[in-house]
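Below is one structure, written out as structure tokens; comments come after it.
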Amino acid sequence: MGIDYQERIPNNVNLSDDRRLQRALEAWQPNFLNWWHEMGPTEFENFEVYLRTAVSVDSKGWANFGHVKMPDYRWGIFLAEPEADRKVNFGEHKGEPAWRDVPGEYRGVLRRLIVTQGDTEPASVEQQRHLGLTAPSLYDMRNLFQVNVEEGRHLWAMVYLLHAYFGRDGREEAEAMLERHSGDPDKPRILGAFNEKTPDWLSFYMFTYFTDRDGKYQLASLAESGFDPLSRTCRFMLTEEAHHMFVGETGVGRVIQRACEIMKEHKTEDVRRHGGIDLPTIQKYLNFHFSVSVDLFGSEISTNAANYYSMGLKGRFEETKIDDDHILHEGTYPLVELVNDGFATKQENALTAVNERLRDDYIEDCARGVRRWNQIIKRNGIDFELTIPHRAFHRRIGSFAPENTGGMQVAPDGRIITEAEWDQRHHEWLPTDEDRAYIGSLMHQVVEPGKFANWIAPPARGINNQKPDFDYVRLN
Ligand code: BYC
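So the number in my numbering is just where the residue sits in the sequence shown, counting from 1, plus 9.
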């Protein structure tokens, strides 16, 4: 009897007609499920979770809500609808018809970009795999699992491209994505931030605010790609990414709200004494997650990035809305650099500076949400402001990484400091072991419907307009 592919793997890529792709995916799927069982939220496999599942890309199909056990979630393959007569919109091939197949001369580079993107998706599931055990409410637990299954789906999206367009080496890369693991000393994930731990819920909210936002900007740049299947895949992924950033922004916002309530109620700044998370600790977590996430944009001056652009494979954020020649042989872009004991802005070749331009777009977006967090503090009548640290603070990649600054370090306010001052004061700026232990001590699972841990305020509204005491996860 034939398998109903539409039922098992919802898709809009005509999977049921493509025998070669079916065989490749059928071979990969059991390995994916094994990986999910071993490296995903293992303890929660048997519980029903109120998940949103995409079964098609139209407005009705992409948000179907219902209680599902996570291993039964239908990881589908969806590409945004094709645009008629789409062209390559930038680089040396500008104006040529967009590619429906992999341009032979760019095969290796394109595969590498897809693998780097794909590698982050299972990495984040691995990083978050134990958080269900300490969820501050059923609402939050459900959001965590929604994020997890969608990151799994994003892995499927990249694996689809590898299987459908890259033959044998694509299949090998798809396997390797299940073999590297976050933080594994021998086979780590490719990018730095995806080997960091996400041990507690404050880290999770910061991760979904700052690191998923890198995902938004990277996916948006890949959505400009001249390789049309990649563009269409990323466009659909972006619709899901928005929810992840919502979880981050509202999550941090609720922790801030609760800190303010405790400060007002007890007329004190000692929020910890009353079991909340104090604003200075939130600032330290923000500093950490912002700095590891800005590293994800690569070096300020990058010939890799220039090549991706000239080849027409990875564009800039909202490429077609930018008013220039989209070839960038001549334009310049302002770049902040370290000179002697201060910063100066230098005009760089716009083509080699595309990473920095994307980082600038990202930082501006990050700052908007931080302003909204500050509004919460202000509305509560409290005199405190969260700030985004200077872009050169605590960097490991690019021109501000210590190996490229001759040992000079940068404080969050942009002051250049010696290594000795850094050693003395970094505990004021980044979470210490003690801070992490305190946050860890607050992490206890709350599973009574409608109840929330003491350190976080309830959300303004439920998912899909559900009532506050809705059973988002059925734990029995
Ligand atoms: N960590 O010219 P450079 C997401 C390497 S997040 C470690 O500076 P390039 C998500 C680089 O590979 C979005 N290594 O950088 C979020 C290169 O290595 P080789 C993920 C790094 O290549 C939350 C060398 O340093 N998607 O979706 O211009 C949850 C010099 O390279 C790092 C993408 O990233 C680092 N941070 O740019 C779930 C898009 N940075 O050549 C999901 C695809 C650089 O010396 N990736 N290196 O061996 C890219 O476009 C580029 O690879 C990067 C780096 C922007 C990441």
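Every residue gets a Cβ at the ideal spot worked out from N, C-alpha and C, and that includes glycine.
Check: residue i C-beta below 7 Å from any heavy atom of the ligand BYC
i, result
"L164", "no"
"G260", "no"
"D304", "yes"
"N313", "yes"
"L122", "yes"
"D370", "no"
"L171", "no"
"Q155", "no"
"S68", "no"
"G161", "no"
"I406", "yes"
"T129", "yes"
"G415", "no"
"S319", "no"
"K323", "yes"
"S146", "no"
"D193", "no"
"S240", "no"
"G340", "no"
"T432", "This sequence places Asp at residue 432; Thr is not what is there. Every heavy atom of the ligand BYC is 7 Å or more from the Cβ of D432, so no."
"N152", "no"
"D223", "yes"
"L211", "no"
CB of residue i within 8 Å of CB of residue j, strictly
i, j, result
"D383", "E394", "The residue you asked about is not Asp; residue 383 is Asn in the sequence shown. Yes."
"F326", "L367", "yes"
"G127", "L164", "yes"
"N43", "E184", "no"
"A202", "T220", "yes"
"E90", "E130", "no"
"R138", "P50", "yes"
"A466", "E270", "yes"
"A314", "V363", "yes"
"P149", "I448", "According to the sequence displayed, residue 149 carries Asp and not Pro. Their beta carbons are not under 8 Å apart, which means D149 does not touch I448 by this criterion."
"I336", "K103", "yes"
"P398", "F299", "yes"
"V158", "L60", "yes"
"E328", "F99", "yes"
"G284", "L451", "yes"
"K273", "N358", "no"
"M79", "F175", "no"
Span separating the alpha-carbon of residue i from that of residue j
i, j, result
"D370", "T312", "20 Å"
"D480", "R380", "33 Å"
"M186", "A36", "14 Å"
"G70", "A63", "6 Å"
"R32", "R404", "44 Å"
"M10", "A166", "Only weak support is given to the placement of M10: the predicted model assigns it a pLDDT of 41, under 50, and the value that follows is read from those uncertain coordinates. If I take the Cα positions, the gap works out to 27 Å."
"Q356", "N473", "48 Å"
"E105", "L34", "32 Å"
"L140", "F216", "13 Å"
"D287", "V280", "5 Å"
"Y115", "R17", "33 Å"
"L484", "N55", "8 Å"
"R151", "V111", "38 Å"
"N21", "D27", "12 Å"
"I511", "G415", "Absent from the structure is residue 511, since the part of the chain shown begins at 10 and ends at 485."
"D237", "G85", "19 Å"
"A446", "P440", "10 Å"
"S191", "Q136", "7 Å"
"V482", "K460", "13 Å"
DSSP bridge partner residues for residue i (one or two, in chain order)
i, result
"Q292", "The partner list for Q292 (beta bridge, DSSP) is empty, contrary to what the question assumes."
"W108", "F236"
"F491", "For the chain, the structure presents residues 10 to 485; residue 491 sits outside this window and is missing."
"R61", "F74"
"V301", "V301 pairs with nothing; no bridge assigned."
"E357", "Y342"
Run of the alpha helix (DSSP H) containing residue i, from where it starts to where it stops
i, result
"L239", "237 to 274"
"E373", "363 to 388"
"Y174", "147 to 174"
"I123", "116 to 136"
"D333", "Careful: D333 lies outside any alpha helix (DSSP H) and carries neither H nor E."
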